[in-house]
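Chains as they are written, first to last, in our numbering: chain G, 3 to 272; chain E, 781 to 1133.
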Amino acid sequence: MSGERASFRRRQSLFRRVVLAVVLTFFTLPLLASLEFTLQGPGGTGHQLTTWTTLMDFGAIAKEYPDLKEGFLSSILLAIFTVIVMLILLVPTMTWVRLRLPGLTRTVEFLCLLPLTVPAIVLVVGLTPIYAWVNYLLGALTLWLGFAYVILVLPYAYRSIDTGLRAIDVKTLSEAARSLGAGWGTVMWRVVLPNLRTAVLSASFLSVALVLGEYTIASLFARKNLQVAMYLIGKSDAKISVAVGLASLGFAFVVLFGMSFVGTARKESR
Amino acid sequence: MTSAAAARTGVAVELTDLRRSYGGVAALDGLTLHIEPGEFIALLGPSGCGKTTALRCLAGLEDPDSGTIEVGGRDVTAIPTNRRDMGMVFQAYSLFPHMTARQNVEFGLELRKQDKAARRERAAAMLDLVGLSAHADKFAHQMSGGQQQRVALARALAIEPQVLLLDEPLSALDAKVRTQLRDEIRRIQLDVGTTTLFVTHDQEEALAVADRVGVMRAGNLEQIAAPEELYTKPANAFVADFVGLTNRLTGTANGAHASVLGAPVALLPGSATSGSVEVLVRPEAIDIAPDPAGNATVVSASFLGAHAKVIATTDDGQRVAVQVDSDAVTSYRPGDRVRVRPQGDPALAVAKS
Ligand SMILES: Nc1ncnc2c1ncn2[C@@H]1O[C@H](COP(=O)(O)OP(=O)(O)O)[C@@H](O)[C@H]1O
Ligand SMILES: [Mg+2]
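In structure tokens form, the structure reads like this:
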């Protein structure tokens, strides 16, 4: 009886390992192939590090691939802009709905999840006339793509922040703070936000990852962000393009790792 | 911490004809309540009778549809919560999870722009008052429920509130901590002298702590009186039923007296005065004695610690609960014949339904 169970366990753990190996292979194989490609010598013979040394030399990159520099800077600015607008828009709204207008919860959730169902191309069609006005009123800056990106990141950010809000008793906490003399601003800043740290971090990270990887909208609006620049360079110098792709993936990974670390370090120090 | 009492003797509170309804259901139906300066009032009533709504209106967390709220002679009906100066302790745990006990207590003082040294001192004094000096640097998740509610009390009192509002602060705690903290709340309230409104559905809690207890039903006060008076002279059957256990015994009323189980019982004001009535007699106001020629048969006898309870059925089929001394419990066994009769203490009679 117990022997049977033990052998079942063994089989189960073997199965688990096999699945894990398959999944890892599935994800890493293309990455490894890309890495190998960036290391190939001229004409596909031998191996060398020139692609990566070029990439590390920021001065040279900026001079040799101005598109890349521009795209990279745009994407960073866009990521920051998107996160800020998203947080300013979502956190107070969702808190307010939870506190004062619980009847609107479904509507807000529906609105926030809606972008998931709209393909980027369709979104662009709808956004074109709006951006005609944005460009006319605010100037034709790449940064204003951030408004469209806020819509794109809405579903993911909504989910994260919603989870965070569910984990605390916002109503009682804010009523306690208000009875102690806090206005709504103080309630948000001193009571709600500090308790949403993890949720805000994960919403921000998802947004950053999404913005850094966005291609369709930028390309259709003929704006140069990181992905568009990579595509452009890919036409003339595939190795650099692929190396930049790998590097941005690594960057995203480091950010994710760093953020999860910040989140847990805070908890333990409590 | 007597300095708070010295600095501030309590203020009077006046709720006048408060009405508040939720989608056609009246949570408050013309509630009028006067609280003396420094008085400790408990609002008692079954769940859903509007206790929390009354307290939240006073706190400014809920706006009454009509009626006025005066605190210290000033009309505060239109003043928002954060400028009402009310200390609140909630039923749900409400400490800010990202702050230590000390930081929680200092929060209100910080908003009042007190300097750091004064804040520290006040917070230390408040934590000392609730007996938690040793836990000042703990976070909510490192404290028990009782400790969290103590910190919440310290936090509410730190701002020297005009009125202290407590909404079932003990209902999430286990029985022993509950009585302990209940007595402590009373001690602290007497110490600081703050006018206090305490909401509960537990009659024992209300009777134990309050100067006066208001019994609520369906958005209104049924009776408000000192605990002894409420217990011995309930104004109506609802109050008599809700406050303490009571027997409903049939009798015949004749003016100021009724005859119950062959004995006379004085009737309280508000009683039915003629005909067949039900008289509400407390279990401790009934005499019981073993008697083979008695008028009832013992159903059960249970030991309850400080006292004991005997349940008997009279020959005319009425169930009577009687409180006896705990050492007398062994003289009653199921099936024994006994004689039960009311001692004659004033009781309330209602027309038989
Ligand atoms: N926010 C609300 N929305 C709808 N109904 C409410 C709300 N608050 C209270 N009520 C209703 O008002 C009545 C009184 O509630 P409450 O004051 O909380 O009672 P208590 O505290 O005595 O249990 C109840 O019938 C309750 O359902
Ligand atoms: Mg309640």
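Positions of the beta carbon are idealized from the N, C-alpha and C atoms, including for glycine. This one's a predicted model, so the numbers in the text were calculated from it and none came from an experiment.
Under the rule that 16 or more other beta-carbon atoms within 10 Å means buried, what is E:Ala787, buried or exposed?
For E:Ala787, the pLDDT reaches just 44, beneath the cut-off of 50, and the residue's location in the model is therefore unreliable, although a value from the coordinates is still provided. Label assigned to E:Ala787: exposed.
Should E:Phe820 go down as buried or exposed, given a rule of 16 or more other Cβ atoms within 10 Å for buried?
buried
Nearest to E:Ala1108 by CA position, among E:Pro1070, E:Arg1119, E:Val979 and E:Glu850, is which residue?
Ranking E:Pro1070, E:Arg1119, E:Val979 and E:Glu850 by Cα distance to E:Ala1108 puts E:Pro1070 first.
Return the residue from the list E:Ala1127, E:Arg935 and E:Arg836 that minimises the CA-CA distance to E:Arg799.
Measuring C-alpha to C-alpha distances from E:Arg799 to each of E:Ala1127, E:Arg935 and E:Arg836 identifies E:Arg836 as the nearest.
Beta-bridge pairing of E:His1087 - partner residues as DSSP gives them:
E:Asp1105
Can you tell me which residues form a DSSP beta bridge with E:Ala1005?
E:Val993
Answer with yes or no whether the minimum CB distance from G:Arg180 to chain E is below 8 Å.
yes
Where are the alpha helix (DSSP H) runs, 4 residues long or more, that stay fully inside the region 892-937 of chain E, in chain order?
896-909
Please find out if some non-hydrogen atom of ligand 2 comes closer than 7 Å to the beta-carbon of E:Asp1107.
Answer for E:Asp1107: no, Cβ out of range of ligand 2.
E:Val1040 - containing beta strand (DSSP E), residue span
His1037 to Val1040
Can you pull the chain E residues whose beta carbon is under 7 Å from the beta carbon of G:Asn197, in chain order?
Those within 7 Å of G:Asn197 in chain E are Pro877 and His878.
Cβ of G:Leu175 within 8 Å of any chain E Cβ
yes
Stretch-stretch touch, CB-based, cutoff 8 Å, three pairs: the region 899-918 of chain E with the region 927-940 of chain E:
yes
In whole angstroms, what separates the C-alpha of E:Thr1053 from that of E:Val1040?
14 Å
Take E:Pro1007 and list the residues in its own chain whose beta-carbon comes closer than 7 Å to its own, dropping the five residues that flank it on each side.
Leu987, Ala990 and Val993
I'd like to know if E:Thr861 contacts chain G, where contact means its C-beta is closer than 8 Å to some C-beta of that chain.
Yes, its Cβ sits closer than 8 Å to a Cβ of chain G.
Under a criterion of Cβ closer than 6 Å to any non-hydrogen atom of ligand 1, which residues qualify, in chain order?
Ordered along the chain, the selected set is E:Tyr802, E:Val805, E:Ala807, E:Gly825, E:Ser827, E:Gly828, E:Cys829, E:Gly830, E:Lys831, E:Thr832 and E:Thr833.
Hey, is the region 123-132 of chain G in contact with the region 85-101 of chain G, meaning 3+ C-beta pairs nearer than 8 Å?
no
Between the Cα of E:Ser1133 and those of E:Leu1029, E:Gly1115, E:Glu794 and E:Ser827, spot the shortest distance and give me the residue it belongs to.
A check of alpha carbon separations from E:Ser1133 across E:Leu1029, E:Gly1115, E:Glu794 and E:Ser827 identifies E:Leu1029 as the nearest.
In terms of alpha-carbon separation, which member of E:Ser827, E:Ile815 and E:Ala792 lies closest to E:Ala998?
E:Ser827
Can you find a heavy atom of ligand 2 that lies under 7 Å from the Cβ of E:Glu890?
no
Could you check which residue in E:Thr980, E:Ile1091 and E:Thr1032 has the C-alpha nearest to that of E:Glu1064?
E:Ile1091
Leaving out five residues before and five after G:Ser250 in sequence, what residues of the same chain have Cβ atoms less than 7 Å from its Cβ?
Leu214 and Leu228
Which whole-angstrom value describes the C-beta separation of G:Leu198 and G:Leu167, a residue pair presumed to lie in contact below a C-beta threshold of 8 Å?
7 Å
So the candidates are G:Tyr151, G:Tyr233, G:Gly61 and G:Glu38; which of them puts its Cα closest to the Cα of G:Val85?
G:Tyr151
Near E:Ala920, which residues of its chain fall below 6 Å by C-beta distance, leaving aside the five closest residues on each side in sequence?
In the same chain as E:Ala920, and ignoring 5 residues on each side of it, the C-beta atoms closer than 6 Å to its own belong to Leu875, Pro877 and Gln928, in chain order.
Output the distance between the C-alpha atoms of E:Pro1114 and G:Arg180, rounded to the nearest integer angstrom.
59 Å
Per-residue burial, E:Gln1003 [other beta carbons within 10 Å of its own, 16 or more giving buried]
buried
Proximity below 8 Å, CB of E:Lys831 to CB of E:Val979
yes
Check whether the region 135-146 of chain G and the region 836-853 of chain E are in contact - that is, three or more C-beta pairs closer than 8 Å.
no
Since E:Asp809 is in the beta strand (DSSP E), which residue starts that stretch and which ends it?
Val805 to Ile815
Once you ignore the five residues that flank E:Pro1044 on each side, which residues in its own chain have a CB closer than 7 Å to its CB?
His1037 and Gly1124
So, does the CB of E:Arg892 fall closer than 8 Å to a CB anywhere in chain G?
yes
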